[in-house]
Each structure stands twice: as structure tokens, then as C-alpha cells.
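**Q**
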Amino acid sequence: EVRRRLPAAHVAASHEVAPEFREFERASTTAADAYLGPVVAGYVRSLGRRCKDEGLPEPLVMRSSGGVASLEEVAAHPAIALVSGPAAGVVGAARICALAGLEDAVSFDMGGTSTDVCLVVGGGAGRAAEKAVGGLPIRLPTVDLHTVGAGGGSIAWIDSGGALRVGPRSAGADPGPACYGRGGHEPTVTDANLLLGRLPERLAGGLELDRDAAERALGRLDPKDVVDVVNAEMLRALRVVTVERGHDPRRLALVAFGGAGPLHACALAEELGMRTVLVPEAAGVLSALGLVASDERRDAVRSYLCPLEEAGELPREGEADLRYAGQSFELTVPLSGGDPAEAFHLAHEERYGYADRGRPIELVAVRTAEIRPGPAFELPAGDPLRVEGPALVELPGATCWVDPGWEGVRDGSSTLVLTRS
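For the sequence shown, this note's numbering begins at 47 and goes up steadily by one.
(1) Taking 8 Å as the threshold, find out whether the stretch 115–123 comes into contact with the stretch 78–96 through three or more Cβ pairs.
(2) Considering only residues of the same chain and omitting the five flanking positions on each side of Asn-239, which have a CB-CB separation below 7 Å?
(3) Measure how close the beta-carbons of Ala-202 and Gly-158 come, nearest whole angstrom, since I'm counting them as under 8 Å.
(4) Can you grab the Cα-Cα spacing for the pair Ala-278 / Gly-330, in whole Å?
(5) With a CB to CB cut of under 7 Å and the five nearest residues on each side skipped, what residues in its chain are close to Ala-387?
(6) For the alpha helix (DSSP H) that Phe-154 lies in, which residues bound it at each end?
(7) Among residues of its own chain, excluding the 5 on either side of Gly-451, which ones have a beta-carbon nearer than 7 Å to its beta-carbon?
(8) Give me the DSSP bridge partner(s) of Pro-380.
(9) Taking the C-alpha atoms as reference points, what is the distance between Ala-196 and Thr-188?
(10) Express the C-alpha separation of Ser-206 and Pro-65 in angstroms, rounding to a whole number.
(11) Straight-line CA distance for Cys-164 to Glu-69?
(12) Between the stretch 261–271 and the stretch 222–237, do at least 3 Cβ pairs fall closer than 8 Å?
(13) Since Tyr-89 sits in a beta bridge, which residues does DSSP pair it with?
(14) Using the beta-carbon count (16 or more within 10 Å), is Ile-417 buried or exposed?
(15) When the distance is taken between beta carbons, is Ser-200 closer than 8 Å to Gly-213?
(16) Taking Ser-460 as the reference, give the member of Glu-100, Glu-424 and Val-433 with the closest Cα.
(17) Going by DSSP, what residue range makes up the beta strand (DSSP E) through Phe-375?
(18) Just to confirm, are Ala-415 and Arg-348 a CB contact at a threshold of 8 Å?
(19) Looking at C-beta atoms only, is the number of pairs between the stretch 69–84 and the stretch 364–373 that lie closer than 8 Å three or more?
(20) For Ile-204, write down the residues that DSSP places opposite it in a beta bridge.
(21) Excluding sequence positions up to five away, which residues of its chain have a Cβ less than 6 Å from the Cβ of Leu-446?
(22) Verify whether the separation of the beta carbon atoms of Ala-139 and Ala-122 is less than 8 Å.
(23) With three or more beta-carbon pairs closer than 8 Å as the criterion, would you say the stretch 293–313 touches the stretch 170–177?
(24) Would you decide whether Arg-296 is buried or exposed? Buried here means 16 or more other CB atoms lie within 10 Å of its CB.
(25) Between Gly-229, Val-166, Glu-247 and Gly-265, which lies nearest to Ile-204 when the distance is taken from Cα to Cα?
(26) By the DSSP assignment, the alpha helix (DSSP H) with Glu-118 in it spans what residues?
(27) Any idea which residues DSSP pairs Gly-170 with across the strands?
What follows is the structure, encoded as C-alpha cells:
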């Protein structure tokens, strides 16, 4: 009725945006969708018209869940794309793992202002039913990212207790770190890396880095201390998606990308006991490549709230949200294994350290997705390379620092494989 009376208005209905139980999360998701709607809908529809006028195909937009959607789908419900950029990076990291013959890894995307990490298991990105964005719970399928305010532009500062802190405030791209010579004067992670010899004084794009400006900005701060502090922040994020969720990081590879990710990858991997780091040649633009290679995806969810044994026949593909009777929160398990109850017991034991096989299980929701595979992900082979740390490797859109005790090989692919020697 509202749409009939106000045809030009963006109307967000909760049963369409987030058709699940949990009233607060459903309301906050719908409110976010309504807030974004007028701006996003106008933009994407204008983009579609411009593309049509130029004879171009209609573009697709990345979803937070790791697939792409049509412009009209995003115009109708823009909340589905809230964390679409980082999600594309995880898709790209999963494809890099597949090309390297690996299935289990951690995606590590460090840019200028933040770092996003995500577990890749069985060749696919981990997914969650909900994510907090701007302090609001968004009850929509999303790649299971954990984000911290640590990046190349993060500013180092001393708190009231005299302790060194890094981030979450960032110098951004303008003026950027002091060494960019654009008027920045506060010390950043990039300035510290330059003073440690981990960045060339002239970048591939022609930008001359100002070492004197970096020294003035850091003053009495030790650049190694700055890097150690920001690494500690990113280590906490990596432990959240591995150790705290029952995964042994020593059995995983680290896929490092983003403009700053390859600078810190070896140190982080060593702290976690990881023995392999993958650094794509296209590390600086891997999120863009992930977007191009993403599947077309449409997610659907149906709420049940009943004992699992009374749910009847479930889909053969998809996921189920399950919990023990009396619990308030659920775990999501795949349905493809054939026995969701046993999959839930194993997931509960992995996450919390125990399973109660005699306790009734409640089915909360079933999640399915219609997927149309994306284009093949092919990258040209890079020049053969073999390095031993300490060494600096310049990439087209990023710089890789190889720590002492590590060696890197690129042979027949576009990915530099770093291993502890």
C-alpha cells in the first residue's frame, strides 16, 4: 500500500530485507537498508543508464556474501553490499589458493586504513549470518570477516599512560603519510617501514618517498616499535578467525595482499607458526580481480525454530543454523555432508571444546543460494624469481618484505610463495 501511494519512495520491508527471527537485528538491518536506499538506488540506476547509453553491458555489484548481484537487486536492497569491497578480496584470495593447489588458508588484506582477515576453508570463504557495521547488527549473509583499524596510513601516538599506540586514526590518502611529501606530518606505519628499509625510496608509479619527512614525523619514536605495535593488533585479528574458532594456524597458509599486506606477512606468519605465505603478483588489486571472478549469487533464508528431528526433509545443498536446546546463539553448518546433527556436534566441539550428543538440537534456519559460476580466473605467469631474506620485492601495486629466515620462489605462476627456511 505504501509503495502504491508513494511510487517514488524507497520502501524497506523487514520481511523482504531480513526474513528471520530476532526482532532487534531484523529492525536494525531494515533501518540500514532504508537509510542507504535513496542514495544507492539513485546512483546504481544512473550508472545503469549511462552504461546503456554508451553501449556497455549492465555492470554487476559485489554482495557482502561473496557473489555479485544485478543493479536492480542492489537498488532494491542496498544493505546486501555493505562490506562488498573486502568480500571481493576474500574471493580473490580463495582463487589464488586454488591456483596454488591449497584449500585452507587465511586471507590477509592490509590497506591504508584497515586490515580485513577471513578464514578460507575447503577452497571457499567462510560465511556468517550476521555482521556488525557501524555498531549495528546487520542480519544478512556476509563473508565472515574480522576487521581492525590498522593499515599503512595508521597514525602512531602516545596515550595518556605513555604507551605507544597505532591507529585506528589514519592519515588517509590525502595528505597521506609524511613520506608522501603532501603535507602530512604525523607518524604512520608507512613512514616506519620506509625508515626500516622495507620500502624503496622511489615507488613503481614514480612517487618519490621523502625519508627526511618520515624521520621528522617519527621524531623520537622507534620505527621498529611502531611496526611491532601494529603487528600485534593484526595478530589479534588473525587469532580471532583461527585459534578462537578452533583452527590451528600452523596448518594454514597466509594469503597476503592489499598495498601493505605483503610488508607484514612474514612477521605475522612466523608469530602464528605458519610456514607458507602466498603473495600474488596482483596483490595491490586482488579485490578488483576477486570481483571480476565472483560467481553470480542469490541468497535465501527460511526460519524454522523447531527441533531438528521434526524439521522434515532439508535441502541437500546449503547451510543450517543449529543450536542445542536452551542455547541463545547458533552455529552454521553445511547440509552437503548428509548428517547436519553430526556436523553440528563437530562444529560445536571445534568452537567451544565440547559436544553433548545426548542433548536435543534445535533448527533455527536453513540458508540456500542460487549460484551461477563466474568466469575462469587466469593470471599471466610472472618472471621466475628466487629470493632469500632479508629482501625487498617490488610488485606492480605493492611491496613485499621477506624477513630473514624466509625464502621466496616464483616459478611458473604469478604468485610468490614464501616459506620459512
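Every residue gets a Cβ at the ideal spot worked out from N, C-alpha and C, and that includes glycine.
**A** To lay it out plainly:
(1) yes
(2) Numbered from its first residue, the sequence shown carries residue 239 at position 193. Cβ within range, chain order: Leu-245, Val-273 and Leu-309.
(3) Translated into the one-based positions of the sequence shown, residue 202 becomes position 156. Translated into the one-based positions of the sequence shown, residue 158 becomes position 112. Contact flag wrong, Cβ pair sits at about 15 Å.
(4) Counting from one through the sequence shown, the residue named residue 278 turns up at place 232. Counting from one through the sequence shown, the residue named residue 330 turns up at place 284. Cα-Cα distance, rounded: 23 Å.
(5) Mapped onto the sequence shown, residue 387 falls at position 341. Cβ neighbours of Ala-387 beyond the five flanking positions: Leu-354 and Ile-407.
(6) To locate residue 154, count along the sequence shown from 1; it is residue 108. That residue, Phe-154, is in no alpha helix (DSSP H); its beta strand (DSSP E) goes 151–156.
(7) Here residue 451 is taken as the residue at index 405 of the sequence shown, counted from 1. Excluding sequence neighbours, Gly-451 sits near Gly-435, Arg-466 and Ser-467.
(8) Locating residue 380 in the sequence shown gives position 334, where the first residue counts as 1. Answer is Glu-365, bridged to Pro-380.
(9) For the purposes of this step, residue 196 is taken as the residue at position 150 of the sequence shown. For the purposes of this step, residue 188 is taken as the residue at position 142 of the sequence shown. Going by the C-alpha atoms only, they are around 21 Å apart.
(10) Counted from its first residue, the sequence shown places residue 65 at position 19. Counted from its first residue, the sequence shown places residue 206 at position 160. Going from the Cα of Pro-65 to the Cα of Ser-206 covers about 46 Å.
(11) By one-based count along the sequence shown, residue 164 stands at place 118. By one-based count along the sequence shown, residue 69 stands at place 23. Distance between the alpha carbons of Cys-164 and Glu-69 is about 28 Å.
(12) yes
(13) Along the sequence shown, read from residue 1 onward, the residue named residue 89 stands at position 43. DSSP lists no partner for Tyr-89.
(14) By one-based count along the sequence shown, residue 417 stands at place 371. The residue is exposed, with fewer than 16 neighbouring Cβ atoms inside 10 Å.
(15) Counting from one through the sequence shown, the residue named residue 213 turns up at place 167. Counting from one through the sequence shown, the residue named residue 200 turns up at place 154. In this structure, Ser-200 lies closer than 8 Å to Gly-213 by Cβ.
(16) Working through the sequence shown from its first residue, we reach residue 460 at position 414. Nearest C-alpha to Ser-460: Glu-424.
(17) Working through the sequence shown from its first residue, we reach residue 375 at position 329. Neither: Phe-375 is in no beta strand (DSSP E) and is coded neither H nor E.
(18) Counting from 1 along the sequence shown, the entry for residue 415 is found at position 369. Counting from 1 along the sequence shown, the entry for residue 348 is found at position 302. No, these two residues do not count as a Cβ contact at 8 Å.
(19) no
(20) The residue you call residue 204 lines up with position 158 of the sequence shown. According to DSSP, Ile-204 bridges with Leu-210.
(21) Your numbering for residue 446 matches position 400 in the sequence shown. For clarity, residue 446 is Cys in the given sequence; the question names Leu instead. Hits under 6 Å: Pro-308, Val-325 and Val-439.
(22) Numbered from 1 along the sequence shown, position 93 holds the residue referred to as residue 139. Numbered from 1 along the sequence shown, position 76 holds the residue referred to as residue 122. Not closer than 8 Å, so no.
(23) no
(24) Within the sequence shown, residue 296 is the residue found at index 250, counting from 1. So Arg-296 ends up on the exposed side.
(25) Reading the sequence shown from its first residue, position 158 is the one you call residue 204. Nearest option by C-alpha distance: Gly-265.
(26) As a position in the sequence shown, residue 118 is number 72, starting the count at 1. First-last of the alpha helix (DSSP H) with Glu-118: 117–122.
(27) Sequence index remark: in the sequence shown, residue 170 carries index 124 (1-based). For Gly-170, which the question treats as bridged, DSSP gives the partners Val-167.
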